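First comes the structure, then the notes that go with it.
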Amino acid sequence: MSMNRRDFLKIAGISTAAGIGGTALASGLKKGVLEAAQTAPNTEALAGKRWGIAIDMSKLKSDESIKRITEACHRIHNVPDFSNTKDEVKWIWTETFEHSFPGQEHKFMPEDMKHKPFLLLCNHCDKPACVRVCPTKATFKRSDGIVMQDMHRCIGCRFCMAACPFGARSFNYKDPRLAKNLQEYMNPEFPTRTIGVVEKCTFCYERLSKGLKPACVDESNGALVFGDLDDPASEIRKILASKHTIRRKPELGTEPNIFYIIGGNDYAVVPEIK
Ligand code: SF4
Ligand code: SF4
């Protein structure tokens, strides 16, 4: 279904309110607008200094629950689906333990763990390799830790894709607006991208600015916990202090902010020795 006049006017209204032009609307929000979400006073917005997510794999029990999460993200962000690997664009996806955490697997680990799909997304790293290599500053880190992608400044060189060791970035080989799923439904409140730019998860900055948590977190029935890692009183910090968690490829030094609880392994309370 192509966009009708009502949808168009709705988008035009949003773009005017946000102060962005037609080109920026088609190709993504301008850096100034993206940064405004963190600089303009906004009492509704969730405030944090270093956002992160803890994913409790024991609570993601079925393929359906994972599908619900990935579909929620891709639907609200107008992520195109061309149904082939070469043109795949993904913001949140799954891989096996071995591919998610290479070097951390061993032959004695539980069989179900080996084959379980692990939910992956951009790690919004403390030291993001993607940001260091971008020649136009199209990818940059906000003061709340979100690694943002400005589609308007992206020149499609794909240096960031080569630098990211987590496969978190996708290139638009085709015009995303031609994808069948976007022809059928397009969220008028989120900008579509153009052919030739790189995109990825943005930690739902547009939802945070309205006081909402990321869509994947809301869809997870408590399996994903989002919070400020710099706040010792936050739920995520309490989880990290009480459960054993692992991160993807920690040896590379990018300091990922997505943590995985891979078993029901509360730290035992060690009895005091008298
Ligand atoms: S996961 Fe990749 S794309 Fe995301 S911040 Fe880290 S290096 Fe950049
Ligand atoms: S934080 Fe938002 S953009 Fe990122 S994977 Fe979750 S739903 Fe998608």
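To convert a position in the sequence shown, counted from 1, into the numbering used here, add 8.
All C-beta atoms in this analysis are idealised placements derived from N, C-alpha and C, irrespective of residue type, glycine included.
These numbers were taken from a predicted model, which means no experiment stands behind them.
- By the Cβ neighbour-count rule, residue 268 is buried, with 16 or more other Cβ atoms within 10 Å of its own.
- One Cα belongs to residue 249, the other to residue 240, and the distance between them is close to 10 Å.
- In this structure residue 123 is exposed. Its beta-carbon is surrounded by fewer than 16 other beta-carbon atoms within 10 angstroms.
- In the structure shown, residue 94 adopts coil according to DSSP, grouped into three states.
- Cβ contact annotation for residue 231 (same chain, cutoff 6 Å, sequence separation greater than five): 64, 67, 68, in chain order.
- Contact between residue 262 and residue 135 is confirmed by a C-beta separation of about 5 Å, below the 8 Å threshold.
- In this chain, the beta strand (DSSP E) harbouring residue 126 covers 126–129.
- Taking 3 residues as the minimum length, the beta strand (DSSP E) runs contained wholly in the stretch 54–118 are 59–64, 100–103, in order along the chain.
- Counting every other CB atom within 10 Å of its CB across the protein chains shown gives residue 93 a total below 16, marking it as exposed.
- Contact check for residue 208 against residue 142 fails: the beta carbons are separated by 9 Å or more.
- Here the stretch 82–98 makes no contact with the stretch 137–152; the two share fewer than three CB pairs at distances below 8 Å.
- Spatial neighbours of residue 243 in its own chain (CB-CB distance under 8 Å, excluding positions within 5 residues in sequence) are listed in chain order as 233, 235.
- Annotation: the continuous beta strand (DSSP E) that includes residue 149 extends over 147–149.
- Cα atoms of residue 97 and residue 87: separation of roughly 7 Å, rounded to the nearest angstrom.
- For ligand 1, no non-hydrogen atom lies closer than 8 Å to the CB of residue 240.
- Distances between the C-beta of residue 222 and the heavy atoms of ligand 1 are all 8 Å or more.
- Residue 103 and residue 78 have their C-alpha atoms roughly 13 Å apart.
- Per DSSP, residue 134 lies in no alpha helix (DSSP H) and is assigned neither H nor E.
- The C-beta separation of residue 121 from residue 105 comes to about 6 Å, placing the pair in contact by the 8 Å criterion.
- Residue 260 has its alpha-carbon roughly 36 Å from the corresponding atom of residue 185.
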